[in-house]
Structure formats: C-alpha cells, structure tokens
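Worksheet: the structure to be examined is printed underneath.
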Amino acid sequence: MNLKNQRFLITGIVQGVGFRPTVYLLAREHHLTGWVINTARGVEIEIHGTEEHCAAFTRSLRENPPALAKVDSFIVTDSPLRAYSEFEIRQSENRPEDFLPISPDLAICEACKNELFDPNNRRYRYPFINCTHCGPRFSIVRDIPYDRANTSMAGFSLCPDCLQEYHNPADRRFHAQPVACPVCGPEIWYEVSGERLFCGEEALAAARAAIRGGKILALKGLGGFHLACDARNATALKTLRERKHRTGKPFALMAFSLQTIEKYVQLTNQERELLTSPQAPIVLAEPTAAGREIARLAAPDRTRLGFMLPYTPLHLLLMKPEADFPEVLVMTSGNISEEPLAFQDDEARKRLRGLADAFLMHNRPIYMRVDDSVVAELRRKPYLLRRARGYSPGQLRIPRAGLPILGAGTQLKNTFCLAREQYAFVSHFIGDLENQETLDSYEQAVGHYEKLFRVHPQALACDLHPDYLATRYAQARSRQEDLPLTAVQHHHAHLVACLAANAWETDEPAIGLIYDGTGYGTDGSIWGGEILIGGYQNFERRFHLLPVPLPGGDLAVQKPARTALSWLDAAGIPAEEYHLPPNSALGDEEREVVRAQVKTGFNAPLTSSIGRLFDAAASVLGICHEITYEAQAAVALESAADLSEAGAYPIALEDGLIDPRMMLRELVRDLRAGVSIPILAARFHNSIVQVSIEACRIIRKETGLRHVAISGGVWQNMRMMRALLPALEAEDFIPLYHRALPTNDACVSLGQVMVALQSLRN
Ligand code: ZN
Ligand code: ZN
Ligand code: FE
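Heads up: the sequence shown runs through residues 952 to 1713, numbered per my numbering.
Encoded structure:
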C-alpha cells in the first residue's frame, strides 16, 4: 500500500459556497487525513492516504465541486510524506496583501424554502433562514476573510442549536456565516411614521394588509429597500409613479412562483432557468394577454415585462398566496428617481418617508447597497442589462495583467473597475452620477471594493469628458495621491471592454461597432455612432454617423421631437408642410426656437450619436416625442417594430460617413403613403443592421479583419442584437459581444483600465 501526501490550491469563488465541508466529507469518505483551510488565495488542502484514495478524492472533487463554486484554477502538487491523526478544517488565515473573491448574494435555496414552510422545523416561517448554499453574502461583508465576525451578523451571537449546526461538517449550515434562527437571529417589525407598531408574525400580517389595501410598502431586503404594491391596483401604481417622479419607467414585478409568472409572460426554458437560478435576476419576457393588462400600468411603453421570483425568505412570507392577496406585486427600488437605492434604516426612513405608507424593517444591517440585476435571454444565455445582485462582485479574468489601477467609469449607468494582477473587479451598477447622493454612494463603494479586494491603485483611468463627476473624482485623486491618470475616449473604452471581456490577448485590432447615446469625442464633439478599428493600444474612427445639430443640447435628449426636426432638416424633408408628428408635438414657440438653433448652430452642438437617430425615428413615426428616462424612445421604437418585417432602406457609406438621409426620405415617403408604423419601425432597425454589415465588409476588404466587437447602449435593443449576430456570421465575421458585463456604459470602466494599462506599459 503506497501512502502519499498531496497539496491542493483551488482558486475562484470557493468561499461561502460550502467548499470546506464538501472537502471534509469527501476526505472522510476516502479515509484521508490532513486539513482544509480558507486562505486569501482560495481554498488550500493537504491530504494524506493511499494512492488510490488520493486519486479518487481528486477525481471526485474536480468533477463535483460544490454547485455554487466557480473554480478558476485547480492545482495539485505532491508534498512530503506526513501523517495526520484526522482530517480537520482549520481556522481561516488572512495575509494582508492577498485578495479573495467574494460570493455574490444568493437566492434562497430549495432546502431552506422547504424548511421555511415546514411547521415542524425550528425555523418555520423564520424570515432569515439561510444555509451554505444560499443567503446574503456580498451585501453583508465588511472585510475578508469571509467569516461571521467580518459580516453584519457579527452582532448576533449564535444560540446553542445554531452553534452546533455551524460546527458540524455534516450539517447544511456548517460554517454558513449568516446562519440564524428565531432564538438568536435578526427580527422584523412593521413601522409607520417612525413608530414600531408590530413585530414578527403581526408585522407580516400588517404588511400584507397594507398591500391588500392598496398602500405602498417600503420593504428592507437584501441589498436595500424596495417599494412594493399591488401591481393591478391602478391607484396604487399612479401614486407610486407620482411619488417616485417616475412617469413612464417600467416597474419590476414579483410573483410567488414560476407558475404564477407564466400566467403573465411566455417563458422559454432558458428564461425559466434564469428566473430560478441562484442569481434570481429580473428577467424581461414577452407578456401574455393577462400580462399586457398589467403592462399597461407597470411598463407602459415596453412590450416586455420584467419579472423576478422571491429571492429571500422574507419575500416568500410576504407573498404567500391567499385568495384575497394580490399575486403580482410591483417591487421597485426604494428611491426617488435617479437617486441611489436606500439601504440604511435611518436614511431610508428619511428618504422614503414621502414614498411609502408603511415600512417592513429588520435589524440585519446592510453594508453594501446592491440593486436587482436585469437580464434578457440571448442565444440561450443571460444577456445582462443591469449587473448587480447575484452577479456582483464576481471578478473577471483580464487577458493582460498590470499594476493595481482604478477606472473611474462614466456618468450614466456608472460602474468603476479595480484591477490587480490578472483580475478585474467591475463594480455593481452604481447609477447615474448626477447628484450628490449618487456621488457619495460611488465614493463609498470605491473605498469598500479597495478594502475588500486589497487593491491600492497606483494608476488611474477616466473618461475624456472633463465634466463627468467620475472624471473629476479621478483628477482629484490623481493630484492628492500623485498617481498617473489616463483619459480614455469613451467609445475606445467600449471597444476595448468588449475585447477584454472576450479574452482578447493580442495587440491586433478588431472592428468595433460602437453604437451609443453619448460620449465625448477626441474633437470635443459628442460621438455615438462609431465604427472603429482598434485594439488596446489605439483606435481609428473609420466610419461615423453624419453629425447633425442637437437643438438645445441636453434638452434635445429629453425631447426626441427636437432631434427629429434637426434630422428632417438635414435630410431636406419639410416637416411642417408634411404635417409630420414631431412638428405638431412641439408648440409654435419651441418649434421656432428649434429651427433657429438648427440654422445658426447656436446652443446646438453637433453629434454623431446613433442613439439620437433612434430618438428621431421614434418621433418621426409618432411613437415618442418626450422621454422621462434614458433610452425610452428607443425602447418604444423597438417595442413597436413588427418582428416579421424584413424590408430595409438604403443608408449611404461615403467618405467615412454613415449617412441615413436617404433612409429618412424613404421612411417619410412610406409613412405618408400609409405604411403601418410597426413595418416602418422594423425597417428602420433593419436598415441600421444592414449598413453595419456593409461597413464591416468594407473594412475587411481594406484590412482583412474579421472580428467585430459589439458594444454601446444601443445594443441593449434585443431586436438589433438578434438581427445583427446571425447576419455577421452569415458573412463569415466573428462577432464578439458582452456577456459578463452589460453592453451599456456599465462596461466602460473596464475598457478604461485596459487602455490605461497598455499606455503605462509603453
Ligand atoms: Zn439554503
Ligand atoms: Zn439560533
Ligand atoms: Fe457609452
């Protein structure tokens, strides 16, 4: 019998996911002695036993790691022969400079769900039930290693029963840091105007009664507060919209079970999987007839509805079906529009006072504010529209390592990105950096990530836009800490983010279809319809959309009718004579102002933004003339388009310009001839896809390049993505698109980091 010792180093998301107990049980099963320990590098194991047992253990662990683990590397080495008396789980170590990936927050697992509704279980109806496979993680971590003392559960000492489970390797709650029970854990209460009225079951009953009665409930959840109300109560929804100052923006919905959700949306298998995954995101799906009824109130101008399942025990208890209790609730983030999600009790009381009629609170503190994630299904996999709870702070492997660096990100849909060695930590969705509250939340999060992942930036990167708050933050830090700062062009960052996320290793350039709302160009004008050739090093602007004046600047972003008049003017189409919708959408006075602005260029900056062209088309077709949230017009245009229409209009490609004026003339001609809006909206989409492919063909002829990186907010338009990908492939191009990050500005911080690392190397 040959005895041997082996060492394992397993890295990736391997802590807080039940790795050590799995190893422990497996080692015992194979009669091995030794130890397992969480270190800042990952999980380290030493085993001692016969060769056969060692081999069986290795095979088994490699093939069946714990379900929630994400193994990056699995390194096995022989070590000097040494016997141990038993197999033990050793205390965590913490070396100050190491970092450790932290698991995102995970939705309640089936086992816990069963216990929650089992009257014989000691955690029956306990709102904070969790185990090694589920529950809060990232939102309650203060520092690493991930041990209870470093979480917001530190203040709750375990009762003897919980302690026993916590120390028993055969138990599902072995080393589950947030483990708790009604005896020793957090509790809930119901509060109105700062006064605590009920606790426990009475609090739940009161909260349910409030919702049943059409009230708006502020609910403290996992990563912050939600506002909840009956999704079919028109008065409640109207009140909620008014209070949130959110006139048109769609609300997320929650239902108790998949079955209920399927009454309202048609789900594919992949969408079902996404909904029931441990990430439990909001999934956008096509409504049924009953769903369209709800959409009228909850998501007025979009065809798809965003549903999620209850992902905490508290949600499940709140939503437990009962004849007179609404089966679909609006579950929207607890904030006034554009402000960050409230997550601390006092802050929530203050900020949500005017929004909610009552509060369902609990005393487990939240350390990191995290919104719900939003995904759509693309080619049988999740396509992230908002990356937050469940996905963040998952780290990305980047194809090139460099010094520790911070990418400050951009203004809208901000994220920041910290990188060290070959890892990048792209933050969860922070929001639009347009007010002090969001800026505070941003700075707080930067500090938290730096501490958690042990990144001490020695360099900084930011957007080229001098007025972005994130740019100013980076500039100030660069001065204070004397760090080099690289300003990166917005669309170059988009392109590079897409390359990096697709493990692009070479210095070779790729074609970039970067279609976006707004980004500061190297010439100081506003870019956004950019077909680039570029890599980490630099880029060339091969084609861009014909620039037109944006009458009133930001005002035109709010009012697509303004942009429409500008485009119609550029295309020589007489909007007034033809009585086109954007003409009548504006009052006489405003129309005159717009005309003057377009003519003189006064207060009308030039833009090549393709997002604005979508706005203009939506207005020309009479679909949307004024917006209340970003990309509203484009969403409405996408929703209007007839999926079966394949027609398109010509768009010229000449002298580096994408010139859609001919398309607009034909579009208006057909509009006046009475062609239906869904057909015209579809043709508009098809035309953009067609010209994109044509541009790629031209570039391939010139350069031989075949890889096409797709990035920018316009690509959150699923119709565009679903049309573009097969069209590229049919022509033998290789599309690269975003999976790990959203394609909108949330990916830009990663691109900034990659470009800066490259320029520092030179
Ligand atoms: Zn569980
Ligand atoms: Zn307990
Ligand atoms: Fe962008």
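We put the beta carbon where it would ideally sit given N, CA and C, even for glycine.
Every value quoted in this text rests on a predicted model; they were computed, and no experiment measured them.
Taking C-alpha atoms, which residue in Leu-1687, Ser-1476, Glu-1682 and Tyr-1400 lies nearest to Asp-1094?
Looking up residue 1094 in the sequence shown gives position 143. Taking only the C-alpha atoms, the option nearest Asp-1094 is Tyr-1400.
Counting only the same chain and skipping the five closest in sequence on each side, list residues whose C-beta sits under 6 Å from that of Asp-997.
In the sequence shown, the residue the question calls residue 997 occupies position 46. Per the sequence shown, residue 997 should be read as Glu rather than Asp. Counting only Cβ-Cβ distances below 6 Å, and skipping sequence neighbours, we find Arg-958, Gly-985 and Trp-986.
Report the partner residues of Lys-1195 according to the DSSP bridge assignment.
Within the sequence shown, residue 1195 is the residue found at index 244, counting from 1. Looking at the DSSP assignment, Lys-1195 forms no beta bridge with any residue, so it has no partner.
Mind checking whether the beta-carbon of Asn-1554 lies closer than 7 Å to any heavy atom of ligand 1?
Translated into the one-based positions of the sequence shown, residue 1554 becomes position 603. The answer is no for Asn-1554.
Could you check the C-alpha separation between Pro-1525 and Trp-1666 for me, to the nearest Å?
As a working mapping, residue 1525 is identified with position 574 in the sequence shown. As a working mapping, residue 1666 is identified with position 715 in the sequence shown. One C-alpha to the other measures close to 31 Å.
Should Asn-1122 be listed as close to ligand 2, given that the test is whether its C-beta is under 7 Å from any heavy atom?
The sequence position of residue 1122 within the sequence shown is 171, counting from 1. The identity of residue 1122 in the sequence shown is Asp, whereas the question assumes Asn. No, since every heavy atom of ligand 2 falls outside the 7 Å radius drawn around the Cβ of Asp-1122.
If you compare alpha carbons, which of Val-1234, Asp-1297 and Gln-1346 is closest to Val-1326?
Numbered from its first residue, the sequence shown carries residue 1326 at position 375. It is Val-1234 whose Cα lies nearest to the Cα of Val-1326.
Exposed or buried, which one is Pro-1417 when buried takes at least 16 other CB atoms within 10 Å?
In the sequence shown, counting from the first residue as 1, residue 1417 sits at position 466. The residue is exposed, with fewer than 16 neighbouring Cβ atoms inside 10 Å.
Going along the chain, which residues of its own chain have a beta-carbon closer than 6 Å to the beta-carbon of Asp-1322, five neighbours each way excluded?
Locating residue 1322 in the sequence shown gives position 371, counting from the first residue. Hits under 6 Å: Ser-1284, Leu-1292, Ala-1339 and Phe-1380.
Got a sec? Which residues, its chain only, sit under 8 Å from Pro-1238 by beta carbon, not counting five neighbours each side?
Counted from its first residue, the sequence shown places residue 1238 at position 287. Within the same chain, Pro-1238 has close Cβ partners Tyr-1215, Val-1216, Gln-1217, Ile-1245, Ala-1246, Thr-1254, Arg-1255 and Leu-1256.
Compare the C-alpha of Lys-1171 against each of Ala-1599, Ile-988, Gln-1295 and Ile-1026 and name the closest.
Counted from its first residue, the sequence shown places residue 1171 at position 220. The shortest C-alpha separation from Lys-1171 is found at Gln-1295.
Any residue with its C-beta under 5 Å from a non-hydrogen atom of ligand 1 counts. Can you list them all in chain order?
Going along the chain, the residues that qualify are Cys-1060, Cys-1063, Cys-1082, His-1084 and Cys-1085.
So, at 7 Å on beta carbons, what are the nonlocal neighbours of Leu-960 in its own chain, with the 5 sequence-adjacent residues on each side left out?
Taking the sequence shown and counting its residues from 1, the one referred to as residue 960 is at position 9. Arg-992, Gly-993, Glu-995 and Ile-1026, listed in sequence order.
Taking contact to mean at least 3 C-beta pairs separated by less than 8 Å, is the segment 1102-1110 in contact with the segment 1129-1139?
Taking 8 Å as the limit for Cβ pairs, the verdict is that the segment 1129-1139 does touch the segment 1102-1110.
For Arg-1330, which three-state DSSP category applies?
For the purposes of this step, residue 1330 is identified with residue 379 of the sequence shown, where counting begins at 1. Coil, per DSSP.
Roughly how many angstroms separate the alpha carbons of His-1689 and Ala-1454, rounded to a whole number?
On the sequence shown, position 738 is the one that residue 1689 refers to. On the sequence shown, position 503 is the one that residue 1454 refers to. Distance between the alpha carbons of His-1689 and Ala-1454 is about 11 Å.
What residue does the beta strand (DSSP E) around Leu-1306 start on, and which one ends it?
Against the sequence shown, residue 1306 aligns to sequence position 355. No beta strand (DSSP E) holds Leu-1306; DSSP gives it neither H nor E.
Can you give me the C-alpha to C-alpha distance between Ser-1392 and Leu-1675, rounded to a whole angstrom?
As a position in the sequence shown, residue 1392 is number 441, starting the count at 1. As a position in the sequence shown, residue 1675 is number 724, starting the count at 1. If I take the Cα positions, the gap works out to 37 Å.
So what does DSSP say about Asp-1285, is it helix, strand or coil?
For the purposes of this step, residue 1285 is taken as residue 334 along the sequence shown, with counting starting at 1. It is Gly, not Asp, that sits at residue 1285 in the sequence shown. The answer is coil: DSSP assigns Gly-1285 none of H, G, I, E or B.
Determine whether the beta carbon atoms of Leu-954 and Thr-1001 lie at a separation below 8 Å.
Position 3 of the sequence shown holds residue 954. Position 50 of the sequence shown holds residue 1001. Cβ distance < 8 Å, so Leu-954 and Thr-1001 count as in contact.
Closest to Leu-1109 by C-alpha separation, out of Cys-1135, Ala-1062 and Tyr-1097, would be which residue?
The residue you call residue 1109 lines up with position 158 of the sequence shown. Considering only alpha carbons, the answer is Cys-1135.
By the DSSP assignment, the beta strand (DSSP E) with Pro-1350 in it spans what residues?
Here residue 1350 refers to the residue found at position 399 when the sequence shown is read from its first residue. Unbroken beta strand (DSSP E) run through Pro-1350: 1347-1358.
Which full runs of the beta strand (DSSP E) of 3+ residues lie inside the segment 1162-1207, going along the chain?
Qualifying beta strand (DSSP E) stretches, in chain order: 1168-1171, 1176-1181 and 1204-1206.
With a threshold of 16 other CB atoms inside 10 Å of the CB of Ser-1144, please say whether the residue is buried or exposed.
Within the sequence shown, numbered from 1, the residue matching residue 1144 stands at position 193. It counts as exposed.
When the Cα of Ile-1630 is compared with those of Ala-1569, Thr-1654, Cys-1449 and Gly-1664, which residue comes out closest?
By 1-based counting over the sequence shown, the position of residue 1630 is 679. Out of Ala-1569, Thr-1654, Cys-1449 and Gly-1664, Ala-1569 has the C-alpha closest to the C-alpha of Ile-1630.
Alpha carbons only, please: which of Val-1704, Arg-1673, Thr-1219 and Met-952 is nearest the one belonging to Thr-1437?
Taking the first residue of the sequence shown as 1, we reach residue 1437 at position 486. Of Val-1704, Arg-1673, Thr-1219 and Met-952, the residue nearest in Cα terms is Val-1704.
Which first and last residues belong to the alpha helix (DSSP H) in which Ile-1561 is found?
On the sequence shown, residue 1561 is found 610 positions in, with the first residue counted as 1. Where Ile-1561 is concerned, the enclosing alpha helix (DSSP H) stretches over 1561-1571.
Return helix, strand or coil for Val-965, following the three-state DSSP convention.
Working through the sequence shown from its first residue, we reach residue 965 at position 14. Val-965: coil per DSSP, three-state reduction.
If you follow the beta strand (DSSP E) that Met-1259 is in, where does it begin and where does it stop?
Sequence index remark: in the sequence shown, residue 1259 carries index 308 (1-based). Per DSSP, Met-1259 belongs to the beta strand (DSSP E) from 1256-1259.
State the DSSP-derived secondary structure class of Gly-1398, mapped to helix, strand or coil.
By one-based count along the sequence shown, residue 1398 stands at place 447. Helix at Gly-1398.
Hey, quick one: how far does the alpha helix (DSSP H) through Lys-1652 stretch, first residue to last?
The count along the sequence shown starts at 1 and reaches residue 1652 at position 701. Note, Lys-1652: alpha helix (DSSP H), 1628-1654.
With distances taken from CA atoms, which of Val-1619, Lys-1166, Asp-1252 and Pro-1277 is nearest Thr-1211?
Residue 1211 sits at position 260 when you count from the first residue of the sequence shown. Comparing Cα positions, the closest option is Pro-1277.
Looking at the structure shown, is Pro-1533 part of a helix, part of a strand, or coil, going by DSSP?
Taking the sequence shown and counting its residues from 1, the one referred to as residue 1533 is at position 582. Reduced to three states, the DSSP call for Pro-1533 is helix.
Less than 8 Å separating the beta-carbons of Ser-1054 and Gly-967?
As a first step, residue 1054 must be located in the sequence shown, where it is residue number 103. As a first step, residue 967 must be located in the sequence shown, where it is residue number 16. Yes. Within cutoff.
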